[in-house]
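Take a look at the structure set out below.
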Amino acid sequence: MPSPFPGMDPYLEAPDIWPDLHDRLAGQISTELNRSLPQPYYARLEMRPEVGIVGLDSTRRIVPDVAVARTRRPSPATREGGVAVFARPRGDVSTSVRMRIPSEPLHHQFVEVRDTSRRHALITLIEIVSPANKRGGPDRRAYEAKQRETLDSETSLIELDLLRAGEPIVGGERLAEFVAQLDPPPDYLAVVNRAWQRGADLDFEVFPIRLEDPLPCIPVPLRKEEAEIPLDLQYVFDQAYDSGPYARGAVDYDIAPAPPVSPERREWLTGCLQRWKT
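As structure tokens, then:
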């Protein structure tokens with residue numbers, strides 16, 4: 000069953016849903032590239048370690064992008080809009096937040112394109128940004144370090160940001176300044192940086208994506224003199240969605256997405272969902 004939306008599904012950005020989609024997208028990208036890459040190239044999945052705070056009571060697998068799982072209910076003695084008066088000591092434990100910090104790094108998938116004729120040299124790296132990368136902390140710093148390392152190498156870099164929340168990270172701070180000037184402002188981004196287009200300046204091919212639009216078809220660079228491989232991100236997303244649990248009850252489409260859409264888009268979003276349900 001297809002997604003209710005023509006492009007990215009904003010409901011799948013929720014912290015408890017995103018990790019599943021992230022891995023499905025990476026797997027589908029690898030599958031599609033291996034169908035279209037010429038010899039001697041191949042695509043494979045790799046894992047990026049991330050350390051984050053996760054909830055203790057999550058019913059899903061533990062992933063670093065789930066920051067808080069559950070808060071303990073406040074004491075019944077607390078009253079909104081007034082002062083609580085306690086006639087005797089309370090027996091209910093006060094509100095708290097339960098967290099777990101993993102003792103070992105957790106992992107997210109990314110895609111590598113390698114060349115068998117050059118001792119499996121890394122030709123192109125395809126990164127999918129996670130929520131942990133877009134907020135401050137060790138995961139963002141690790142992503143930025145790998146980003147800089149790749150931009151200083153002979154490997155082309157593709158970055159996909161399908162998350163509206165968080166601080167921009169694809170392409171680095173300088174690219175974020177230029178993207179912020181786009182009108183209308185994009186909700187999502189796909190960015191391609193070719194290894195041979197680096198020097199005093201970095202040349203980025205930017206694909207701005209609006210929530211209302213299909214995801215783009217982007218080029219996957221190989222060597223400078225070789226034809227680039229088209230990668231249809233909308234097709235990849237549709238395949239990932241159809242193979243996932245999202246239309247099977249894992250996503251509650253009766254509530255607002257997280258993060259919520261702007262008031263101007265609520266009517267559009269409601270219309271998409273109504274057509275999908277009929």
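Position one of the sequence shown corresponds to residue 0 (numbering that gives the first Met the number 0), numbered consecutively onward. C-beta atoms are modelled at their ideal positions from N, C-alpha and C, and glycine is treated no differently.
For residue i, which option in the options has the closest C-alpha, if you only look at C-alpha atoms?
{"i": "residue 5", "options": "251, 234, 189, 174", "result": "234"}
{"i": "residue 296", "options": "175, 195, 192", "result": "There is no way to answer for residue 296, as the model of the chain reaches only from 0 to 277."}
{"i": "residue 216", "options": "1, 88, 17, 28", "result": "28"}
{"i": "residue 153", "options": "275, 248, 117, 2", "result": "117"}
{"i": "residue 23", "options": "134, 108, 2", "result": "108"}
{"i": "residue 114", "options": "133, 42, 270", "result": "42"}
{"i": "residue 20", "options": "33, 200, 267, 241", "result": "241"}
{"i": "residue 151", "options": "136, 33, 202", "result": "202"}
Is residue i helix, strand or coil when you go by DSSP?
{"i": "residue 228", "result": "strand"}
{"i": "residue 276", "result": "helix"}
{"i": "residue 252", "result": "coil"}
{"i": "residue 144", "result": "helix"}
{"i": "residue 25", "result": "helix"}
{"i": "residue 194", "result": "strand"}
{"i": "residue 9", "result": "helix"}
{"i": "residue 280", "result": "The structure shown has nothing for residue 280, since the chain only spans 0 to 277."}
{"i": "residue 138", "result": "helix"}
Between the alpha carbons of residue i and residue j, how many angstroms are there, rounded?
{"i": "residue 119", "j": "residue 110", "result": "14 angstroms"}
{"i": "residue 158", "j": "residue 106", "result": "17 angstroms"}
{"i": "residue 124", "j": "residue 193", "result": "10 angstroms"}
{"i": "residue 15", "j": "residue 211", "result": "23 angstroms"}
{"i": "residue 35", "j": "residue 94", "result": "54 angstroms"}
{"i": "residue 18", "j": "residue 129", "result": "8 angstroms"}
{"i": "residue 51", "j": "residue 276", "result": "Reliability of the predicted coordinates at residue 51 is poor, the pLDDT of 46 falling under 50, and the value obtained from them is presented with this limitation in mind. If you take the alpha carbons of residue 51 and residue 276, they lie about 36 angstroms apart."}
{"i": "residue 348", "j": "residue 198", "result": "Any answer about residue 348 is impossible in this case: the structure gives the chain only from 0 up to 277."}
{"i": "residue 243", "j": "residue 12", "result": "14 angstroms"}
{"i": "residue 144", "j": "residue 236", "result": "28 angstroms"}
{"i": "residue 266", "j": "residue 255", "result": "12 angstroms"}
{"i": "residue 181", "j": "residue 163", "result": "15 angstroms"}
{"i": "residue 177", "j": "residue 200", "result": "14 angstroms"}
Using only the heavy atoms of the ligand HEM, determine whether one of them is closer than 7 angstroms to the beta carbon of residue i.
{"i": "residue 275", "result": "Ligands are entirely absent from the displayed structure, and the ligand HEM is therefore not among its contents."}
Less than 8 angstroms between the C-beta atoms of residue i and residue j, yes or no?
{"i": "residue 40", "j": "residue 156", "result": "no"}
{"i": "residue 246", "j": "residue 0", "result": "yes"}
{"i": "residue 127", "j": "residue 25", "result": "yes"}
{"i": "residue 214", "j": "residue 7", "result": "yes"}
{"i": "residue 112", "j": "residue 219", "result": "yes"}
{"i": "residue 171", "j": "residue 146", "result": "yes"}
{"i": "residue 252", "j": "residue 9", "result": "no"}
{"i": "residue 31", "j": "residue 230", "result": "yes"}
_Segment contact, 8 angstroms Cβ cut-off, at least three pairs: the region 199-210 with the region 221-229_ = no
*asked:* Tell me whether the region 167-175 and the region 259-267 touch, counting them as touching only if at least three CB pairs, one residue from each stretch, are closer than 8 angstroms.
replied: no
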